[in-house]
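A.B. asks: Have a look at this one before I ask anything.
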Ligand SMILES: Nc1ncnc2c1ncn2[C@@H]1O[C@H](COP(=O)(O)OP(=O)(O)OP(=O)(O)O)[C@@H](O)[C@H]1O
Ligand SMILES: [Mg+2]
């Protein structure tokens, strides 16, 4: 049985990544290299105000004096920041009408299952499509603006709503926060911007679909979501990239601001190319995501399904400043072949009666290494703070690994903390039970793994829960024998 | 229905089944009794194709098809159903989802149309009420936090839903209270007809007060040493197994 398992695990590694195609279009691309002039040129192309250029340059200055973090349980080839290009954009872009978008790009998104045509689009989901360094199109903008909702590319927001951008940019993740955030602050090219006005419940799901296409280009997107008092928004991001032999860098920043009585739900389905079975190629995913519950009774909830990337370094966090505010983190992370994921969260309790929940499910197959790293910090004045953490890992085969690093720092004795962690192997007895009922091995594995992830999938918006389940099925096909 | 000839099986080079012969025609209920560790569960597992055990000789034929080398799921689809002595939990997978998947795997194999959720629900609910189980049972994760009795009833629910050709009951009567025992027996009797077969592994007579066996086998150290009728059960209840050893 064990030998057969191994054979089939090995077979999995031959699974094709179905989003691995590349689009052959003309792109404007910077020469590789990073210096002040590159940043000035980038800022100029984007017709940015002086304050933003200054902000970038300051971040760049800081970055030059910082060093890459080494504490994560990941190993990768050193990144040559001078060998990367910091801007790539399709030659013809214009955001106003889909008619002006290169048909090749529309076709690319169609192939990815994302229709930019509003009529054909999944009902109730508005999309911002980011291709390499620029946003290509944003759907349902008019419809949303009727409610006063701003949903546009970051570049547009800089032009049309500079006061909002200036007020909130870097307010959650300072430009000096960490090495990758500083780099992003210096060179970010595009991303999404969302503002939900007071009392508005966003009538549809908002989503951004990130696609890396160009070679040797870093993708540095920046997303900023602001929910004003009493508002509500659910947002989803998806990501894919072509199969390329060299590693590509993706260093994004996502900032969320929740005012009094508002809720932001942020879901991610990350399926960047993960490299081949020898571990060649794949995306280096170094992402900083943080939200702040500024006002009382606000809530920020992160849900992530991470199946791609060669290396993932990502800790979506919540600062609960307002009293009674709530932070949540639900995560499924799958590593197979030689993928490495070091992911988790940080929950910082500042206000009274703040409450956080962490539920993570790590799945390791092949030679994958999966690390949960999570911090819970209860500050001195956070009376009656509560945290519940549950970190479960499942191993498929015997060449993979799961690691858990919880950090807990409690400075108020009224805090209630609960932490549970389990690691198990996918049981031969469970597989036998399913097989004995006539259920095929692949179906049994996906059933068991989906069952394992259930609490997290339940947090995803309906449309995406189905997608996430299928993604797990495809990812783990043939992973057990 | 099933015919087992000179079946030998081992685990980690330890011989457990040492030449089992068994022939259960359609329409019959057979019983196997035997000491703890004599190999009863091993036999049930080997019939079901559990690859933890090494088959060292002999063969198993199911309605003239040799299934000795067949995969676990294909045997299941051919009509073998095992009521587990210790059913395993699968957290997060609902009974309804699991059982409908299992049922549809069988239907597909039989060339029948798959059953939709509603149709399945109606079928399952009817069986549940007969077993005295609440409909909410279908929403629970399989065997996760089930009581001992619930686990056994869940196996019978699955048996009646899938409706196989051969049911192997491995100590399905163990650990049941009087009412649950009656319910389980009622389930097995409902399943039983002239076209299928039942193999009951048990330590006690009490289940057999409700389900009348046609043939009783006694197993010692990996072999069937005596075959007879209900009177063997009474003898074992009274005298144990030592009289079988010379
Ligand atoms: N997975 C296993 N690994 C190691 N030994 C096993 C395994 N399964 C069975 N055995 C051994 O095989 C022998 C027969 O076990 P089996 O479970 O078939 O007995 P049984 O007749 O069902 O007993 P009981 O009446 O206690 O259920 C025992 O000695 C047992 O320890
Ligand atoms: Mg047994």
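Chains as they are written, first to last, in my numbering: chain X, 6 to 486; chain F, 2 to 247. Ideal Cβ placement from N, Cα and C applies to all residues, glycine included.
1. Counting only C-beta atoms, is residue 203 of chain F closer than 9 Å to chain X at any point?
2. Between the beta-carbon of residue 69 of chain F and the beta-carbon of residue 12 of chain F, is there less than 9 Å?
3. Could one say the Cβ of residue 358 of chain X lies closer than 9 Å to chain F's Cβ atoms, at least one of them?
4. With a threshold of 9 Å between beta carbons, is residue 81 of chain X in contact with chain F?
5. May I ask whether a heavy atom of ligand 2 can be found less than 8 Å away from the beta carbon of residue 172 of chain F?
6. In this structure, does DSSP put residue 145 of chain X in helix, strand or coil?
7. What in chain F is Cβ-close to residue 452 of chain X, meaning under 8 Å?
8. Less than 8 Å between C-beta atoms, sequence neighbours within five positions excluded: which residues of the same chain meet that for residue 74 of chain F?
9. Along chain X, which residues have their Cβ under 9 Å away from the Cβ of residue 88 of chain F?
10. Find the residues of chain X that neighbour residue 197 of chain F, judging by a C-beta separation of less than 7 Å, and give them in chain order.
11. For chain B, is any of its Cβ atoms less than 9 Å away from the one on residue 457 of chain X?
12. Beta-carbon within less than 7 Å of residue 299 of chain X's beta-carbon, same chain only, minus the 5 sequence neighbours each way: which residues are those?
13. Can you confirm whether residue 12 of chain X, when its beta carbon is compared against all beta carbons of chain F, has any partner nearer than 9 Å?
14. With 16 other CB atoms within 10 Å as the buried threshold, where does residue 216 of chain X fall?
15. Are at least three pairs of beta-carbons, each pair with one atom in the region 434 to 451 of chain X and one in the region 409 to 420 of chain X, less than 8 Å apart?
16. What residue does the beta strand (DSSP E) around residue 92 of chain F start on, and which one ends it?
17. Considering only C-alpha positions, which residue in the set X:152, X:36 and X:196 is nearest to residue 132 of chain X?
18. With a threshold of 9 Å between beta-carbons, can residue 435 of chain X be considered close to chain F, or not?
19. Would the region 74 to 92 of chain F count as touching the region 112 to 130 of chain F if we require 3 or more Cβ pairs under 8 Å?
20. In the DSSP assignment, find the beta strand (DSSP E) that holds residue 380 of chain X and state where it starts and stops.
21. Is the region 271 to 278 of chain X touching the region 286 to 304 of chain X in the sense that three or more CB pairs, one from each, lie closer than 8 Å?
22. By how many angstroms is the C-alpha of residue 401 of chain X removed from the C-alpha of residue 16 of chain X?
23. Considering only the alpha carbon of each residue, which of X:200, X:176 and X:134 lies closest to residue 150 of chain X?
24. Could you tell me how far apart the beta carbons of residue 122 of chain F and residue 162 of chain F are, in whole angstroms, since I believe they sit closer than 8 Å?
25. For residue 185 of chain F, tell me which candidate among F:224, F:170 and F:216 has the shortest Cα-Cα distance.
26. With DSSP as the reference, label residue 184 of chain F as helix, strand or coil.
27. Alpha carbons only, please: which of F:229, F:236 and F:20 is nearest the one belonging to residue 57 of chain F?
28. Under 9 Å between C-beta atoms, does residue 441 of chain X make it to chain F?
29. So, are the CB atoms of residue 190 of chain X and residue 159 of chain X less than 9 Å apart?
30. Within the present structure, is the beta-carbon of residue 37 of chain F separated from the nearest heavy atom of ligand 1 by less than 8 Å?
31. Could you tell me the distance, in whole angstroms, from the CA atom of residue 26 of chain F to the CA atom of residue 64 of chain F?
32. Applying the criterion that 16 or more other CB atoms from any shown protein chain within 10 Å of the CB defines a buried residue, is residue 149 of chain F buried or exposed?
33. Quick check: what's the CA-CA separation for residue 141 of chain F versus residue 457 of chain X?
34. Grab me the residues of residue 329 of chain X's own chain with a C-beta within less than 6 Å of its C-beta, minus the 5 sequence neighbours each way, in chain order.
35. Give me the Cβ distance between residue 388 of chain X and residue 419 of chain X, rounded to the nearest whole Å; I'm assuming they're in contact under 8 Å.
36. Which same chain residues end up closer than 6 Å to residue 51 of chain X when comparing Cβ atoms and leaving out the 5 residues on each side of it in sequence?
C.D. replies: To lay it out plainly:
1. The residue labelled residue 203 of chain F in the question sits at position 202 within the second chain. It does not: the Cβ of residue 203 of chain F has no partner Cβ on chain X nearer than 9 Å.
2. Within the second chain, residue 69 of chain F is the residue found at index 68, counting from 1. Within the second chain, residue 12 of chain F is the residue found at index 11, counting from 1. No. Outside cutoff.
3. By 1-based counting over the first chain, the position of residue 358 of chain X is 353. Chain F contact via Cβ: absent.
4. Locating residue 81 of chain X in the first chain gives position 76, where the first residue counts as 1. The C-beta of residue 81 of chain X comes no closer than 9 Å to any C-beta of chain F.
5. Reading the second chain from its first residue, position 171 is the one you call residue 172 of chain F. Residue 172 of chain F has its Cβ nearer than 8 Å to a heavy atom of ligand 2.
6. For this step, residue 145 of chain X is matched to residue 140 along the first chain. The DSSP-derived three-state label of residue 145 of chain X is coil.
7. Here the question's residue 452 of chain X lines up with position 447 in the first chain. 91, 94, 98, 99 and 102, listed in chain order.
8. As a first step, residue 74 of chain F is located in the second chain; it is residue number 73 there, counting from the start. Counting only Cβ-Cβ distances below 8 Å, and skipping sequence neighbours, we find 106.
9. For the purposes of this step, residue 88 of chain F is identified with residue 87 of the second chain, where counting begins at 1. Those are 438, listed as they occur along chain X.
10. Residue numbering aside, residue 197 of chain F sits at position 196 when the second chain is read from its first letter. Simply none; closest approach about 16 Å.
11. In summary, chain B is missing from the structure at hand, where the protein chains are X and F.
12. Here residue 299 of chain X corresponds to residue number 294 of the first chain, with the count starting at 1. Taking C-beta separations shorter than 7 Å and ignoring five residues to either side along the sequence, the partners of residue 299 of chain X in its chain run 262, 263, 264, 326 and 327, following chain order.
13. One-based indexing of the first chain puts residue 12 of chain X at position 7. Residue placement at residue 12 of chain X is poorly supported in this model, since its pLDDT is 46, which falls under 50; the coordinates are not used for a value here.
14. Residue mapping note: residue 216 of chain X aligns to position 211 of the first chain, counting from 1. Within 10 angstroms of the beta-carbon of residue 216 of chain X lie 16 or more other beta-carbons, which makes it buried.
15. In this structure the region 434 to 451 of chain X does not touch the region 409 to 420 of chain X; the number of beta carbon pairs closer than 8 Å is below three.
16. Sequence index remark: in the second chain, residue 92 of chain F carries index 91 (1-based). Residue 92 of chain F -> beta strand (DSSP E) spans 91 to 95.
17. On the first chain, residue 132 of chain X is found 127 positions in, with the first residue counted as 1. The candidate whose alpha carbon is nearest that of residue 132 of chain X is X:196.
18. The sequence position of residue 435 of chain X within the first chain is 430, counting from 1. Closer than 9 Å to some Cβ of chain F, the Cβ of residue 435 of chain X qualifies, so yes.
19. The region 74 to 92 of chain F vs the region 112 to 130 of chain F: no contact.
20. Position 375 of the first chain holds residue 380 of chain X. In the DSSP assignment, residue 380 of chain X falls within the beta strand (DSSP E) that extends over 374 to 383.
21. Yes, since at least three Cβ pairs between the region 286 to 304 of chain X and the region 271 to 278 of chain X fall closer than 8 Å, the two stretches touch.
22. Counting from 1 along the first chain, the entry for residue 16 of chain X is found at position 11. Counting from 1 along the first chain, the entry for residue 401 of chain X is found at position 396. With a pLDDT of 46 at residue 16 of chain X, under the threshold of 50, the modelled position of that residue is not reliable, and no figure is offered here.
23. Translated into the one-based positions of the first chain, residue 150 of chain X becomes position 145. Its Cα nearest to that of residue 150 of chain X, the residue X:200 stands out among X:200, X:176 and X:134.
24. Taking the second chain and counting its residues from 1, one reaches residue 122 of chain F at position 121. Taking the second chain and counting its residues from 1, one reaches residue 162 of chain F at position 161. The Cβ separation is near 11 Å, so there is no contact.
25. Here residue 185 of chain F corresponds to residue number 184 of the second chain, with the count starting at 1. Checked all of F:224, F:170 and F:216; the closest Cα to residue 185 of chain F is F:170.
26. As a first step, residue 184 of chain F must be located in the second chain, where it is residue number 183. Helix.
27. Residue 57 of chain F sits at position 56 when you count from the first residue of the second chain. With respect to the C-alpha of residue 57 of chain F, the residue from F:229, F:236 and F:20 having the closest C-alpha is F:20.
28. Here the question's residue 441 of chain X lines up with position 436 in the first chain. Residue 441 of chain X counts as touching chain F.
29. As a position in the first chain, residue 190 of chain X is number 185, starting the count at 1. As a position in the first chain, residue 159 of chain X is number 154, starting the count at 1. Contact: no.
30. What you label residue 37 of chain F is simply residue 36 of the second chain in a count that begins at 1. Checking every heavy atom of ligand 1 against the Cβ of residue 37 of chain F, one is found closer than 8 Å.
31. Taking the first residue of the second chain as position 1, residue 26 of chain F is located at position 25. Taking the first residue of the second chain as position 1, residue 64 of chain F is located at position 63. The alpha-carbon of residue 26 of chain F is positioned some 9 Å away from that of residue 64 of chain F.
32. Counted from its first residue, the second chain places residue 149 of chain F at position 148. Burial call: exposed.
33. The residue labelled residue 141 of chain F in the question sits at position 140 within the second chain. The residue labelled residue 457 of chain X in the question sits at position 452 within the first chain. Residue 141 of chain F and residue 457 of chain X have their C-alpha atoms some 14 Å from each other.
34. Within the first chain, residue 329 of chain X is the residue found at index 324, counting from 1. Excluding sequence neighbours, residue 329 of chain X sits near 301, 302 and 358.
35. Translated into positions along the first chain, residue 388 of chain X becomes position 383. Translated into positions along the first chain, residue 419 of chain X becomes position 414. About 5 Å separates the beta carbon of residue 388 of chain X from that of residue 419 of chain X, a gap short enough to meet the 8 Å contact definition.
36. Your numbering for residue 51 of chain X matches position 46 in the first chain. 160.
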